[in-house]
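Reviewing the structure listed below.
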Amino acid sequence: MANFATRSVDGGAVAIRPEGRLNMVVAPRLRDQLHELVGSGSARIVVDLSGTDFIDSSGLGALVSGLKVARQAGGDLRIAAPTPQVVTVLELTNLNRVLRVHPSADDAFDGA
């Protein structure tokens, strides 16, 4: 399987954009790619969820795992443009308090 699309964004961060369903089939690939990004020196990561229409506990686990490795490397992982379903899941699990949510990937690291 191919990696998710990535691009550089403001603030020296890298945005990654999973598409479709972020479930137990796809989540390990996202987790691995997040770890690879941090391992290659990109510890400031924005996960652009504008194209993600579903997320389950596996997807949440991949995000939390990415957050952990990014912070251990002195960076951070932030969420951008989540769809309504994703927002609902983040709120129900209170992960919206841990994962900083921003309207777009381009402004996720504005002002650090």
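Per full-length UniProt numbering, the sequence shown runs over residues 1 to 112.
Every residue, glycine too, gets a C-beta built ideally from N, C-alpha and C.
N- and C-terminal bounds of the alpha helix (DSSP H) containing residue i
| i | result |
| --- | --- |
| F88 | Here residue 88 is Thr; the residue named in the question, Phe, does not match the sequence. P84 to L92 is the span of the alpha helix (DSSP H), which, as asked, contains T88. |
| D32 | A27 to G39 |
Beta carbon of residue i nearer than 9 Å to that of residue j
| i | j | result |
| --- | --- | --- |
| G74 | A105 | no |
| A81 | S58 | no |
| L77 | V101 | no |
| I45 | A62 | no |
| A27 | D56 | yes |
Nearest neighbour of residue i, chosen from the options [CA to CA]
| i | options | result |
| --- | --- | --- |
| L37 | R97, S8 and G59 | S8 |
| E19 | K68, T88, T83 and V101 | T83 |
| A31 | K68, D10, T52 and Q72 | In the sequence on display, residue 31 carries Arg and not Ala. When each option's Cα is compared against that of R31, the closest is K68. |
| I79 | H35, Q72 and L60 | L60 |
| V64 | D10, D107 and L99 | L99 |
Limits of the beta strand (DSSP E) - the one that residue i falls within
| i | result |
| --- | --- |
| G74 | From DSSP, G74 is part of no beta strand (DSSP E); its letter is neither H nor E. |
| S8 | A5 to V9 |
| L22 | G20 to L22 |
| E110 | Note that residue 110 corresponds to Asp in the displayed sequence, not to Glu. First-last for D110: undefined, no H or E at that position. |
| V46 | R44 to D48 |
Contact set for residue i: own chain, Cβ-Cβ below 7 Å, skip 5 residues either direction
| i | result |
| --- | --- |
| F54 | R21, L22, N23 and Q85 |
| R17 | F4, A5, D48 and G51 |
Close-in-space but distant-in-sequence residues of the same chain around residue i (CB under 6 Å, 5 per side omitted)
| i | result |
| --- | --- |
| N96 | L90 |
heavy atom of the ligand ZN below 8 Å from residue i C-beta
| i | result |
| --- | --- |
| S65 | No copy of the ligand ZN appears in this structure; indeed no ligand is present at all. |
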